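Residue numbers (the numbering used here): 206 to 252.
Every residue, glycine too, gets a C-beta built ideally from N, C-alpha and C.
From a predicted model like this one, the values you see are computed outputs, not experimental measurements.
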Amino acid sequence: MTSSDGDLLILFDIRLGKAWRGFGLGPVLASEAIWALADAWRESLRR
């Protein structure tokens with residue numbers, strides 16, 4: 206989503222298999238995804 210203040214990423218849903226639930230991995234994996242997207246965005250600006 207783009208706004209006058211900058212871009213905004215909206216993360217709607219994170220799903221983990223039952224075996225992985227309860228370990229706090231949802232927020233960790235979400236942050237990893239956000240960092241990966243941020244790195245890709247920075248690379249696109251360098252081109």
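Apart from the five residues just before and just after leucine 221, which ones in its own chain have a Cβ nearer than 7 Å to its Cβ? Counting only Cβ-Cβ distances below 7 Å, and skipping sequence neighbours, we find Leu230, Gly231.
Helix, strand or coil at arginine 252 [DSSP, three-state]: Note: arginine 252 maps to coil in three-state DSSP.
Just the C-alpha distance for leucine 214 and tryptophan 225, rounded to the nearest angstrom, thanks. In this structure, the CA atom of leucine 214 is about 25 Å from the CA atom of tryptophan 225.
CB-CB under 7 Å to isoleucine 219, same chain, minus the five flanking residues each way: which ones, in chain order? Here the set comprises Gly231, Leu234, Ala235.
Aspartate 257 in three-state terms, based on DSSP: Shown here, the chain extends from 206 to 252; a query on residue 257 therefore has no answer.
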